[in-house]
Amino acid sequence: MTAIRYDRAPGEQSTLTEEQGETTSGRALVYTIGLALAVILTATSFWVANTSLLWGPGVPLGLAVLAIAQMGVHLVFFLHITTGPDNTNNVLALAFGVLIVFLVVAGSLWIMANLNDNMMPPAELMNLHMQH
Amino acid sequence: MNVAVAIQDIHRDALPSASEAGPAPKRIVVAYGFWIFLLSDIVMFSALFAAYAVLVRATAGGPTGAQLFNQASAAIETACLLASSFTCGLMSLAVGSRRRAATYFLAVVTFVLGAAFLALEIREFADMIARGATPQRSAFLSAFFALVGCHGLHVAAGLVWLAVMMAQVAIKGFRASVERRLFCFALFWHALDIIWVALFTVVYLMGVLP
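Residue numbers (the working numbering), protein chains in the order written: chain G, -5 to 126; chain X, 1311 to 1520.
Right under this line is the structure:
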């Protein structure tokens, strides 16, 4: 029994020993639950994209929510990211990564949409030039 | 006596935090460093995703995603990669409990599923190129091949890594350095699956919406 509590390595399942109730089958169960949830979410995604029952404009948002939920399932059940105190460093690094990803994707889309709007002269503007 | 017990309890509650405990074991440092690399890799993919999202309508009169993408193929690829991620997780458990036969078996299953994914993707690319949808055709196709191809390259690198790791297990056995590498490989493989989730949603599902 060590007296020092280190952070948990990313991807490492809880460091409890087998006497403390963490058996290999219990650990395999975590992966199995993750697989089941991921399969359900993936199947739902494919169904949502192909059904005509849902309101069309809402479908992309629904797909995004399903994808983010599935990434969360992968992080929790496959990479064993938790909110525990021994996981703070891993979660902070992940949060920073997510922030950068968000800035890159949202920022690019925003700027390029603006550029597209500004580079394409609207019809009235073209007519102003014609008046000369 | 009671006082001593109480003091011990206090000590157990107030263990030194990780920063006061001195350097962490190499196992944790290596895995954390690899975690940082994976996050930077994901940031790189986010740039490719941004490029794809910006250029998805720039088809230059060429074929669009709705005409090119085959959802059945994408669904099978997704299933292969997800199952492969699952068996990779089970392989980590087998490594943790030093079961050599189970490790080999699960590594082979992981490899075969990953190779099946890659074969399907290469077939899809070849099919698209045969129909004239090459990366030079339009900005949309350039972005598509860059994004999906980069993920495919990562999977190919992962397969090579897995084969090398099995050779190391066979020759060196489960020594600490080999175990650390296997651990990093599992992180890598799970991260690739997370990227694929974003990829099949953005490219193959949103790409064919009317």
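Virtual Cβ for every residue (Gly too), placed ideally from N, Cα, C.
Ala1382/X versus Asn84/G, Val85/G, Ala37/G, residue with shortest Cα-Cα distance:
Here the question's residue 1382/X lines up with position 72 in the second sequence. Ala1382/X has its Cα closest to that of Ala37/G, out of Asn84/G, Val85/G, Ala37/G.
Exposed or buried, Ala1429/X, counting other C-beta atoms within 10 Å across all chains shown (16 or more means buried)?
In the second sequence, the residue the question calls residue 1429/X occupies position 119. It is exposed - the Cβ of Ala1429/X has fewer than 16 other Cβ atoms within 10 Å.
Taking only three categories from DSSP, how would you classify Thr26/G?
By one-based count along the first sequence, residue 26/G stands at place 32. Thr26/G: helix per DSSP, three-state reduction.
Quick one: is Leu47/G near chain X, going by C-beta distance under 9 Å?
Within the first sequence, numbered from 1, the residue matching residue 47/G stands at position 53. It does not; no Cβ of chain X falls within 9 Å.
Taking the C-alpha atoms as reference points, what is the distance between Glu13/G and Thr1413/X?
Position 19 of the first sequence, counted from the first residue, corresponds to residue 13/G. Position 103 of the second sequence, counted from the first residue, corresponds to residue 1413/X. The pLDDT assigned to Glu13/G is 49, lower than 50, so where the model puts this residue is not dependable; a value taken from the coordinates is nonetheless given after this. Approximately 23 Å between the Cα atoms of the pair.
Any chance the region 1361 to 1376 of chain X sits against the region 1450 to 1458 of chain X, with 3 or more Cβ pairs inside 8 Å?
yes
Own chain partners of Thr(-4)/G with C-beta closer than 6 Å, once the 5 adjacent residues on each side are dropped:
Taking the first sequence and counting its residues from 1, the one referred to as residue -4/G is at position 2. Residue confidence is low: Thr(-4)/G scores 48 on pLDDT, short of 50, so the model does not pin down where it sits. No coordinate-derived value is stated.
Compare the Cα-Cα distances from Leu1509/X to each of Ile1346/X, Glu1330/X, Leu1358/X, Pro1335/X and report the closest residue.
Working through the second sequence from its first residue, we reach residue 1509/X at position 199. Out of Ile1346/X, Glu1330/X, Leu1358/X, Pro1335/X, the CA that lies nearest to the CA of Leu1509/X is found in Leu1358/X.
Chain G contacts made by the region 1487 to 1514 of chain X, where a contact means CB separation under 7 Å
Flagged, chain order: Phe1493, Ala1496, Leu1497, His1500, Asp1503, Ile1504, Val1507, Ala1508, Thr1511.
Taking 9 Å as the cut-off, decide whether the C-beta atoms of Glu1434/X and Val1465/X are in contact.
The count along the second sequence starts at 1 and reaches residue 1434/X at position 124. The count along the second sequence starts at 1 and reaches residue 1465/X at position 155. No, the Cβ-Cβ distance between Glu1434/X and Val1465/X is not below 9 Å.
With a cut-off of 8 Å on the beta carbons, I'd call Ala1525/X and Leu1497/X a contact; round off their distance for me.
No information on residue 1525/X is available, as it lies outside the stretch 1311 to 1520 that chain X covers here.
In or out: Met113/G buried (at least 16 other Cβ within 10 Å) or exposed?
Mapped onto the first sequence, residue 113/G falls at position 119. Under this definition Met113/G is an exposed residue.
Below 8 Å CB to CB, which residues in the same chain sit around Phe1379/X once its five sequence neighbours on both sides are set aside?
On the second sequence, position 69 is the one that residue 1379/X refers to. Only Val1513, Tyr1514, Gly1517, Val1518 meet the Cβ criterion.
I want to verify the contact list: residues of chain X whose CB lies under 9 Å from the CB of Gly5/G, in sequence order.
Counted from its first residue, the first sequence places residue 5/G at position 11. In chain order: Ala1341, Phe1344, Trp1345, Ser1402, Phe1493, Cys1494, Ala1496, Leu1497, His1500.
Does DSSP classify Thr17/G as helix, strand or coil?
Indexing the first sequence from 1 puts residue 17/G at position 23. When secondary structure is reduced to three states using DSSP, Thr17/G falls in the coil class, being assigned neither helix nor strand.
How should Phe90/G be labelled, buried or exposed, when 16 other C-beta atoms within 10 angstroms of its C-beta is the threshold for buried?
Here residue 90/G is taken as the residue at index 96 of the first sequence, counted from 1. Classification of Phe90/G: exposed, given that the 10 Å Cβ count is below 16.
Span separating the alpha-carbon of Cys1398/X from that of Phe1484/X:
Taking the first residue of the second sequence as 1, we reach residue 1398/X at position 88. Taking the first residue of the second sequence as 1, we reach residue 1484/X at position 174. Going from the Cα of Cys1398/X to the Cα of Phe1484/X covers about 17 Å.
In the DSSP assignment, the alpha helix (DSSP H) including Val1512/X goes from what residue to what residue?
Here residue 1512/X corresponds to residue number 202 of the second sequence, with the count starting at 1. Taken as a continuous stretch (DSSP letters only), Val1512/X belongs to no alpha helix (DSSP H), as it is neither H nor E.
Taking the alpha-carbon of Phe1344/X as reference, which of Ser19/G, Glu6/G, Phe71/G, Asn44/G has the nearest alpha-carbon?
Within the second sequence, residue 1344/X is the residue found at index 34, counting from 1. When each option's Cα is compared against that of Phe1344/X, the closest is Glu6/G.
Between Met1475/X and chain G, is the shortest Cβ-Cβ distance under 9 Å, so that the two count as touching?
Sequence index remark: in the second sequence, residue 1475/X carries index 165 (1-based). No, Met1475/X does not count as interfacial toward chain G.
According to DSSP, is His74/G helix, strand or coil?
In the first sequence, residue 74/G corresponds to position 80, counting from 1. Of the three classes helix, strand and coil, the one that applies to His74/G here is coil, per DSSP.
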